[in-house]
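Below: the structure, in C-alpha cells.
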Amino acid sequence: ETAATEAAAPAADSTGRKYLAQPLVKDIYTADPSAHVFNGKIYIYPSHDIETGMPENDNGDHFAMRDYHILSMDSIGGKVTDHGVALDTKDIPWAGRQLWAPDAAYKNGTYYLYFPLKDKQDVFRIGVATSKSPTGPFKAEAKPMEGSLSIDPAVFTDTDGKTYMYMGGIWGGQLQRWRTGKYDASNPKMQEPGAQKTALGPKMARLSDNMLSFAEPVKEVQILGQDGKPFLSGDNTHRFFEGGWLHKYNGKYYFSYSTGDTHLLVYATGTSPYGPFTYQGVIMNPVEGWTTHHSIVEVGGKWYIFYHDTQLSGKTWLRNVKVTELKRTPDGRIETINP
Ligand code: FUB
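Position one of the sequence shown corresponds to residue 3 (my numbering), numbered consecutively onward.
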C-alpha cells in the first residue's frame with residue numbers, strides 16, 4: 003500500500019447531485035473505473051494512464067498502459083487509498099502491450115482480476131490473475147482465457163451465483179476483426195460493417211465455476227432499438243462501441259455501454275443476462291476527453307456511477323476517475339447526467 007491518499011471532497015452541482023467533478027486521486031492518472039463492494043468496502047479497478055509519447059490515433063496506440071493500481075475507500079466521499087502496483091505487464095507471461103480497462107470478481111476466498119492486453123501478435127485477449135486480497139498483488143495465469151477476444155471485460159454475478167463476462171470494443175479494441183469468428187488481421191483497423199448493416203454487438207459468456215475459463219462458447223449480445231430492430235452500424239449515437247457493464251435493478255438487467263465516437267454512455271434493458279437488451283436512453287452526456295467509460299454499483303442502498311474525464315491533464319490519454327450518484331425515476335429509468 004502506498005501513502006498516496008487523497009480525500010475526495012464532496013461537491014454538489016446545481017441540481018444537488020453530489021460528488022460530481024472531483025477526481026478521486028490526483029497523484030496518478032486513472033481511467034475506466036470498475037467499482038465493486040467487497041466485504042462492505044469500495045474497491046475501484048481502474049486503468050493506470052501514463053505518458054509514453056506514443057502517437058495519438060484512432061487505433062488507441064496512445065493508451066499504452068503498463069500496470070494497474072487498485073483504489074479503495076470506506077465510503078463514497080471518504081479518503082481514497084492507492085494500493086500501489088497490483089499487476090505489471092512484466093509479470094504477465096503472454097504480454098505484448100497495452101493494459102486496458104480491467105474488472106474484478108470475488109468467489110470462494112479468491113479475487114479475480116480480468117484484464118485486456120495485446121498478446122505478442124498484437125491481438126487483444128482477456129487475461130485473468132488471482133489474489134487472496136482484493137488489492138493484490140495479483141498473479142497472472144500463464145495464458146489468456148481460451149476463447150476470449152477484444153477488450154473491456156465486465157464481470158457480473160447474478161443473484162443465483164452464476165457469473166458472466168461481457169467484452170468487446172470496436173476500432174482499437176479490434177472487435178471488427180473477429181467478424182468471421184476468427185481474428186482477421188487483414189480487416190482494416192477501423193472497418194465497421196457498412197452503415198446500413200447491423201452493428202457489431204458486444205460478446206459474452208458464462209464463466210466456469212473456477213472463474214478462469216468460459217463455461218460455454220462466446221456469443222454476441224443483441225442490442226435492439228425501441229422498434230425491436232438491431233441498431234445499424236451507421237447509427238453511431240446508439241450502436242455499441244466499447245466499455246460494456248451489466249447491473250441488475252429490481253429484477254431487470256441493465257446493459258450500459260459507450261457509443262465511442264459520439265461520446266455517450268447509454269443503456270438498454272432486458273429480462274436475462276444473455277439479452278436481448280432494448281435501448282432506453284442516455285446515462286451520461288460527453289465528458290472532457292475522447293473516451294467515456296463507466297461502472298455502476300450499489301453502495302449502502304444507493305446507486306453510483308464511476309466514470310472518468312480529463313480534468314487534470316486536458317489530454318485524452320491521461321484521465322482521472324470520478325464518482326457521482328445515479329438517480330432513477332420511480333419506474334427504474336436512469337436520469338441523464340450532464341457532467
Ligand atoms: O483505457 C483504454 C480504453 O479506452 C478502454 O479499454 C476503453 O474502454 C476506453 O476507455
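The C-beta atom is built at its ideal place from N, Cα and C for all residues, glycine as well.
All of these numbers come straight from a predicted model, not from anything done at the bench.
- Cβ-Cβ separation between I128 and Y113: approximately 16 Å, too far for a contact (criterion under 8 Å).
- Counted as a single uninterrupted DSSP element, the stretch harbouring D162 is not any beta strand (DSSP E), since DSSP gives it neither H nor E.
- A217 and G316 have their alpha carbons spaced roughly 42 Å apart.
- W173 carries a helical assignment under DSSP once its states are collapsed to helix, strand and coil.
- DSSP lists Y116 as the beta-bridge partner residues of V130.
- In terms of Cα proximity to M206, the closest of G230, F257, D121, V125 is F257.
- At the C-beta level, V325 and L26 come within 8 Å of one another.
- Around the C-beta of V289, 16 or more other C-beta atoms lie within 10 Å, and the residue is accordingly described as buried.
- Within the DSSP bridge table, the entry for L267 names S260, M286 as partners.
- W173 places its beta carbon less than 8 Å from that of G262.
- Scanning K122, E327, F65, V130 for the CA closest to the CA of S150 turns up V130.
- In this structure, L234 lies away from Q282, with their beta-carbon atoms at least 8 Å apart.
- For P136, the distance from the CB to the nearest heavy atom of ligand 1 is not below 7 Å.
- When the five nearest sequence neighbours on each side are left out, the beta carbons in the same chain lying within less than 8 Å of the beta carbon of G272 are those of K254, Y255, F257, P278, F279, T280, in order along the chain.
- Taking C-alpha positions only, H310 is separated from E148 by approximately 30 Å.
- Distances from the CB of S150 to the heavy atoms of ligand 1 are all 7 Å or more.
- Of the residues H64, G170, W180, the one whose Cα lies closest to the Cα of R241 is G170.
- A direct Cα-to-Cα measurement between F243 and S260 gives close to 6 Å.
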